[in-house]
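In the numbering used here, the protein residues as written are 2 to 478.
For every residue, glycine included, the Cβ atom is placed at its ideal position computed from N, Cα and C.
Note that the structure is predicted; figures quoted are calculated from it, not measured.
I have placed the structure first, in the form of structure tokens, so that the comments after it can refer back to it.
Spelled out as structure tokens, the structure:
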């Protein structure tokens, strides 16, 4: 068996990720501006499929697409004080244009509340205008000062942001659940595991009353926040003058929510969670080529048969390609495994004569023989089998990296281990969370699960104060 071209991702994740990003032609870091990378076609296919899934679920739930300008007047940023405190050190500003100073300083959106709510104040006039559920698919820009890594943390990242306005608080609360469900459906399409967690009051989005997030554990056992949804209440509608005339003629300030699934980060999860030492491992949906056909010899008869098979599969709706290159069959196998192509079909003299094909599934790197007349049915079943196996493996990894600490000493001992999530009874105090982070080398209180009810002890595992919830700790990107 050929030597694996990449290191073990569980032992050398950073090196593995950088190499697979390069060799699978995902992102190019040579653009020349720190924190900004070029998304290559193989990556953009994954990105587009993620966007398609999110937008489809949003539209199905009554959201409408919109697009706001990139630049926001600086005065808008100052309207909601807690919000500006959260972003003032991260914004890119524009002060000149055409060689002259601008009359008003502009900033490049780090998020779009301060762009959107002044317009909502113009659009929303009556109770008949509510609920208003809008979204935009765009890039946002933050002057991130931590170490950057393509897709995980950069100064430009892609996302969908949804901003919704409601007449009543309970409608806004219900929207948080809908947002989490949209995220769950999208993650399931890419076989991604997750923990839905409500953030602590001291760790909420600036200006939010509640913040919920999807956390995913990576091969290095650190956590990546990949989607968030927030209950904003009247924190943005009131200061930006959003109000409506109720059915009984009263002027009312509405409630609002925002939802931000990180498309760049979800793409990073597809790469990191499923990949192995041979490269990417992709479900059918995420693959720019779903089936590659490789003639194992450079013979006209084999190529002719391969091309006829390509035409048949393309007609059935598959993204299929015949590799007609001059490389050896082994070199081609290496290349398409690195790209994560879900299915490889090998065409040799035996296959061309018998019409029984040698089919290899990328996720398990296993060959099987499939008669040509059964190929379409087998591909359809492989699509679902691969998705199911990737999901099973990914969820198994997540669940195997959740531990529970029974005491402070036990928590400290587990924090010195391999990593992952540590459950513990928490008092809810920010001072306690800061102390835990300082003494454990960076473990952060992520919050409590919102998908299940979990019992907690009477007192905080760490400080002994009254326990209020079973919370999760992890080191995070």
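query: In whole angstroms, what is the alpha-carbon distance linking residue 8 and residue 369?
result: 27 Å
Start and end residues, alpha helix (DSSP H) containing residue 186: 170-190
- request: Just grab the DSSP bridge partners of residue 445 for me.
  value: 475
Residue 476 vs residue 223 beta-carbon contact at 8 Å: yes
task: Report the three-state DSSP secondary structure of residue 106 (helix, strand or coil).
output: strand
query: Is the Cβ-Cβ distance between residue 136 and residue 255 less than 8 Å?
result: no
field: First through last residue of the alpha helix (DSSP H) which encompasses residue 7
entry: Here residue 7 belongs to no alpha helix (DSSP H), and DSSP marks it neither H nor E.
query: Does the pairing of the stretch 292-305 with the stretch 339-349 give three or more beta-carbon distances under 8 Å?
result: yes
- prompt: With distances taken between CB atoms, is the gap from residue 323 to residue 303 smaller than 8 Å?
  reply: no
- prompt: Taking all protein chains shown into account, do 16 or more other C-beta atoms lie within 10 angstroms of the C-beta of residue 104, making it buried, or fewer, making it exposed?
  reply: exposed
- prompt: Nearest CA to the CA of residue 298: which residue from 333, 393, 461 and 267?
  reply: 333
query: Within 10 angstroms of its Cβ, does residue 423 collect 16 or more other Cβ (buried), or is it exposed?
result: buried
- request: Figure out for me which residue from 153, 45, 114 and 355 has the closest Cα to the Cα of residue 68.
  value: 114
- prompt: How would you write the range of the beta strand (DSSP E) that residue 385 sits in, first residue to last?
  reply: Taken as a continuous stretch (DSSP letters only), residue 385 belongs to no beta strand (DSSP E), being part of the alpha helix (DSSP H) at 376-400.
message: As a quick exercise: from 339, 257 and 373, pick the residue whose alpha carbon is nearest that of residue 306.
response: 373
query: How about the stretch 231-242 and the stretch 149-158: do they share at least three Cβ pairs that are nearer than 8 Å?
result: no
task: Give the C-beta separation of residue 184 and residue 132 to the nearest angstrom, bearing in mind that I take them to be a contact with Cβ-Cβ under 8 Å.
output: The pair is not a contact, with the Cβ atoms about 19 Å apart (cut-off 8 Å).
query: In chain order, what residues of the same chain lie with their CB nearer than 8 Å to the CB of residue 165, ignoring the 5 residues before and after it?
result: 64, 132, 133, 134, 135, 173, 176, 257, 258, 259 and 260
field: Cβ distance (whole Å) where residue 363 is taken to contact residue 338 below 8 Å
entry: 6 Å
message: With the cut-off set at 8 Å, would you say residue 126 and residue 245 are in Cβ contact?
response: yes
task: Could you check the C-alpha separation between residue 409 and residue 463 for me, to the nearest Å?
output: 5 Å
field: Chain-order list of residues whose beta-carbon lies under 8 Å from that of residue 367 (same chain, five-residue window excluded)
entry: 361
- prompt: CB residue 232 to CB residue 163, shorter than 8 Å?
  reply: no
- prompt: Mind pulling the beta strand (DSSP E) runs of 3 or more residues that sit fully within the stretch 110-144?
  reply: 133-142
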